[in-house]
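Counting in our numbering, the sequence shown runs from 1127 upward without gaps.
We put the CB at the ideal spot given by N, CA and C, even for glycine.
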Amino acid sequence: MAEWFEAWFDEDYARLYAHRDAEEARLAVSRALRVAPELGEGPVLDLACGAGRHLEILRRANPLAFGMDLSSALLRMAPSALRPWLLRGDMRALPVKDGALSGICLWFTPFGYFSDEQNHALMLRLGHLLRHGGVLVMDYMNAELVARTLVPEDTLERAGVRVLSRRAMEGDRLVKRMVLTHLDTGDTREAMESVRLYHPAALQEMAVRAGLRLRSVMGTYGGGAFTEDSPRWIGIFERAW
Ligand SMILES: C[S@@+](CC[C@H](N)C(=O)[O-])C[C@H]1O[C@@H](n2cnc3c(N)ncnc32)[C@H](O)[C@@H]1O
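Printed below as a string of structure tokens:
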């Protein structure tokens, strides 16, 4: 059976998350470029780039930026001008040489999808792919806030789809089980997300083991300070050795 992350990131995901849009990406990328100007030069990978909303903005500053994602459905939605700069593949098998990248961005939580062992291995690999002084942007959930404000069940309608979502912590993972109904046809399907909820200290420890040093933390895409109520935990790391 397919893993949840192979099955879920398709047209329905894109419909339901359409509010995660180009404007949010513009804010995030312009802020990140200020904190990490390294993203503006040399090969930079937008890892799990989806339909390329961040990549499109980043490429205005850096013509060597490229993206990779597993979902052919999302990659097909990318603007045609991005096509030559998009790869399809699994982040656990990155076709990039060690030390080749000036930067890697993981926008909007594409981390924590695998087992602890695989998540740690991925972080180590990301560290190795960066050149000395290269930067990693890890845009992740604020784990404390998520655990504190978890809504066990709700229903929403967006873009012609009704979604019943049930959320729970299952061990260390935040699991969301969804039933989607297309309102025009009545067709239903199930989908899920299961993300390891890492606290900032755990992410940092993993990154340090990968040779990375924390340069800066933001709690919002606009560069707001991180607090216990911040919507995001955005760590910007640099390769220390
Ligand atoms: C929450 S979305 C974020 C997409 C994009 N960064 C954005 O902000 O719009 C997570 C992305 O991770 C991708 N993904 C999931 N598992 C993956 C894997 N094993 N390798 C590469 N990409 C993966 C999905 O296809 C999806 O595009």
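- Contact between Leu1252 and Leu1262 holds, since their C-beta atoms are separated by about 6 Å, short of 8 Å.
- At least one heavy atom of ligand 1 sits closer than 7 Å to the Cβ of Gly1176.
- A distance criterion of 7 Å places the beta-carbon of Tyr1266 beyond contact range of ligand 1, judged by its closest non-hydrogen atom.
- Every beta strand (DSSP E) of 3 residues or more that sits fully in the region 1299–1338 is shown, in chain order, as 1299–1308, 1314–1322.
- Out of Met1295, Met1318, Thr1275, Arg1157, the CA that lies nearest to the CA of Tyr1139 is found in Met1318.
- DSSP places Gly1253 within a helical segment (H, G or I) once states are collapsed to three.
- Per the coordinates, the alpha-carbon of Asp1216 lies some 19 Å from the alpha-carbon of His1180.
- A Cβ-Cβ distance of about 7 Å is found for the pair Pro1205 and Gly1178, placing them in contact under the 8 Å criterion.
- By the Cβ neighbour-count rule, Ala1174 is buried, with 16 or more other Cβ atoms within 10 Å of its own.
- Contact between the region 1350–1364 and the region 1263–1274 is established, with three or more Cβ pairs separated by less than 8 Å.
- Sorting Tyr1347, Ala1351, Pro1236, Asp1298 by C-alpha distance to the C-alpha of Met1194 places Pro1236 at the top.
- Around the beta carbon of Ala1327, a 10 Å sphere encloses fewer than 16 other beta carbons of the protein chains shown; the residue is thus reported as exposed.
- Leu1338 and Leu1329 have their C-alpha atoms some 11 Å from each other.
- Here Gly1168 carries a coil assignment [DSSP, helix/strand/coil].
- Only residues of its own chain outside the window of five on either side were considered, and among them Met1217, Arg1218, Phe1237, Phe1240 have a CB closer than 8 Å to the CB of Leu1248, listed in chain order.
- Membership of Glu1149 in the alpha helix (DSSP H) is indicated by the continuous run 1148–1161.
- Secondary structure at Ala1269: helix, using DSSP grouped into helix, strand and coil.
- Residue environment analysis places Arg1274 among the exposed positions, since fewer than 16 neighbouring C-beta atoms fall within 10 angstroms of its C-beta.
- Only buried fits Ser1228, as 16 or more other CB atoms lie within 10 angstroms of its CB.
- In the structure shown, Ala1187 falls within a helical segment according to DSSP collapsed to helix, strand and coil.
- Counting C-beta pairs closer than 8 Å gives fewer than three between the region 1311–1325 and the region 1337–1356, which falls short of the contact rule.
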